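Using the working numbering, you'd call the opening residue of the sequence shown number 1 and step up by one each time. Cβ atoms here follow ideal geometry from the backbone N, Cα and C, with glycine treated the same way. Every value quoted in this text rests on a predicted model; they were computed, and no experiment measured them. Here the structure comes first, spelled out in C-alpha cells, and everything after it is commentary.
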Amino acid sequence: MSDPYTDVQLIDKKGLRLDGRKLDELRPIKIEVGVLKRADGSCYLEWGENKVIVGVYGPREVHPRHMQNPMRGIVQARYNMVSFSVSERKRPGPDRRSSEISKLLSEALEHVVLTDRFPRTTVDVYIEVVQASAGTRCAGLTAASVALADAGIPMRDLIASVASGKVGDKLVLDLGQKEDNFGQADVPFAMVGRTGEVVLLQMDGHLTIEEFDTIMEMNRKASLEVYEIQKAALQDRYSSFTEEGEAEPDAPEEEKKDEKKEKKSSPPPKADKEPKDAKESKEPKDAKKPEDAKKPKEPKDAKESKEPKDAKKPEEPKEPKDAKEEPKAKGEKAPVPEEMVEEAIPEKDDKGPAGGDE
Ligand code: UDP
C-alpha cells in the first residue's frame, strides 16, 4: 500500500513494512549501562539504526545561581544530534528542534527524579544522538533514564518511551525513518514504567479519536516491553557488583586483584562521587544521604560555606575529583583519605553561620 501523499510504498501486500516488521513490532533494542568512566552514569542504546549515548553528571551546584531552587534540584537534559548522525550533515550546535526536545526531555525526567533530595543542584543529562533513524527523542529519553539510574540518582522509576503513528492508512508501532518522513502521523510517547503515568506526548499529523486511542494503547504496550529491556540492562550491569564494589568485567585478572586491594582502602564507587562534588556543592551528598538534606539550609548562603574554602585552597577542587576517579578506573592514584573529606565538610558548616551575610 502506497502512502496517499507520496508514491513511497511503505507497507507491502502482506502487510509488512519496509524493514520487514509487522505493524505492531518494535525495532530491535539493545541497551548497555555504564559505558563512560568519567561520567557519573551512562548508557549506550541502539534502537534499530538509532545510536544514542547518554552521560549523566551531577548532582552539582547550579550555575548561574539564579537558577537554583532552594527547595529542590533541577534536571537539565541536553539533546544533541551530532553532525554525522543524519544523511545530510547537520549543522553543529543547538537549534530550535534540539532546544525543544531538550526541554521536553528535562520535564519528563523531572517527573521521576526525586529532586527534593538535592536542593539547589542540577543533574546534567547529555544525550548525544550519534546515528539517527527516527524516534531519537524516545530513544534518548529511554537511555537517559537508565543513565540516571546508573548514576545513582534517586528516582521513582524508569521512563520508557516509543513513537507510533499512521503510515499508508495503517497504524504502526515504532516508526522507522521513511515512515516518519512520509507517514501521515507521528505520536511520540513516554510513560513511567510502573505507574503508566504519561510524561511525554506529542502528535504530528492527523488522526481520528479512535485512531489516537489505538495508538496510545499500542504505545503503552510497547513501552512496557521497552521498560523490561531497561530493567534487564541495569540488572545485567549490577549483577556483577560485589560488596566491595564493581568487578571490572574487562579488566585482566591481575588488574582486578590490584583494584580490589585499592578498593578495600577506598570508599565504594558510588561514594566516590560525594567527595568529588563536595567541593562544588554539598547537596550531592543528599542524594545518597537524605538526612543531610538539612545541612545546606543552615548556611543560608552556599557562598559562605564554599568561598572561604576555595579562597584558602584554590587548587583543592581538582584534587579530590581526580583522586577519586582514579580508583574507579585503575587505582593508579592514592584516594583522598576519608578524614580529609570529612574535615572539609564540618569546616564549611562551621563557617557558614559564623560568616553569614545576614
Ligand atoms: N532528521 C534529520 N535531520 C534533522 C532532524 C531530523 O535528518 O535535522 C531525521 C532524523 O533521522 C530523525 C528523523 O528525521 O530521527 C525524525 O525527526 P523528528 O524531528 O521526528 O524526531 P525523532 O523522531 O527523531 O524524535
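C-beta neighbour in chain D for GLY58, strict 8 Å: Of the chains in the structure shown, none is chain D; there is only one protein chain.
Beta-carbon proximity check, GLY41 vs ALA134, cutoff 8 Å: no
Nearest residue (CA-CA) to LEU45, options LEU207, GLY196, ALA160 and GLY193: ALA160
Beta-carbon contacts of LYS390 that lie in its chain and below 6 Å, excluding the five residues immediately before and after: Look at the range of the chain in this structure, 1 to 358, and you will see that residue 390 is not part of it.
Any non-hydrogen atom of the ligand UDP closer than 7 Å to CYS138 Cβ: The ligand UDP approaches CYS138 closely enough that one of its heavy atoms is under 7 Å from the residue's Cβ.
Stretch pair the region 218-236 + the region 189-204: three plus CB contacts closer than 8 Å: yes
TYR126 - partner residues in DSSP beta bridges: GLY55 and ARG78
Among VAL33, PRO28, GLN131 and ASP180, the one whose alpha carbon lies nearest that of SER240: Closest by alpha carbon: VAL33.
Candidates ASP124, LYS14 and LEU201, of which the one nearest SER164 by Cα: LEU201
C-alpha distance - THR122 paired with LYS51, whole-angstrom precision: 26 Å
Enclosing alpha helix (DSSP H) for PHE212 [first to last residue]: Per DSSP, PHE212 belongs to the alpha helix (DSSP H) from 209-238.
Minimum C-alpha distance to ARG137 - residue among ILE74, VAL112, ILE153 and SER106: SER106
Proximal residues to LEU363 (C-beta, below 7 Å), its chain only, five neighbours per side dropped: The shown model of the chain, from 1 to 358, leaves out residue 363, and the question about it has no answer.
Distance between GLU25 and ILE127 (C-alpha atoms, nearest Å): 25 Å
One or two residues paired with THR121 in a DSSP bridge: GLU61
Status (buried if at least 16 other CB within 10 Å, exposed otherwise) for THR242: exposed
Contact check, GLY183 vs LEU175, beta carbons under 8 Å: yes
Inter-stretch contact (C-beta, 8 Å, three-pair minimum) for the region 71-79 and the region 101-115: yes
Cβ neighbour criterion (16 or more within 10 Å) applied to LYS178: Classification of LYS178: buried, given that the 10 Å Cβ count is 16 or more.
Residue interval of the alpha helix (DSSP H) (run including VAL146): 136-150
Residues near ALA447 in its chain [Cβ-Cβ closer than 7 Å; skip 5 each side]: As displayed, the chain neither begins before 1 nor continues past 358, which places residue 447 out of reach and without an answer.
Counted within 10 angstroms of its Cβ, other Cβ atoms place GLN235 as buried (16 or more) or exposed: Counting the other Cβ atoms within 10 Å of the Cβ of GLN235 gives fewer than 16, which makes it exposed.
Helix, strand or coil at ALA163 [DSSP, three-state]: strand
Near the ligand UDP: GLN177 beta-carbon under 7 Å from a heavy atom: yes
Distance cut-off 7 Å: VAL82 Cβ against heavy atoms of the ligand UDP: No; taking the cut-off as 7 Å, the Cβ of VAL82 has no heavy atom of the ligand UDP nearer than that.
Contact test: SER133 Cβ vs the ligand UDP heavy atom, cutoff 7 Å: yes
Selected residue, minimal CA-CA separation from VAL62, among ARG120, VAL86, GLY93 and PHE189: ARG120
Which residues DSSP lists as bridging ALA185, in chain order: For ALA185, which the question treats as bridged, DSSP gives the partners LYS166 and GLY205.
Enclosing beta strand (DSSP E) for SER42 [first to last residue]: 41-47
Contact belief for VAL129 with VAL82 at Cβ below 8 Å, rounded distance in angstroms: 7 Å
Distance, ARG65 Cα to GLU217 Cα: 42 Å
ARG17 vs GLY48 beta-carbon contact at 8 Å: no
Residue from ALA190, MET191 and ASN181 whose Cα sits closest to the Cα of ASP204: ASN181
Contact check, PHE118 vs GLY73, beta carbons under 8 Å: It is a contact, given that the beta carbons lie within the stated cut-off.
Cβ neighbour criterion (16 or more within 10 Å) applied to GLY15: exposed
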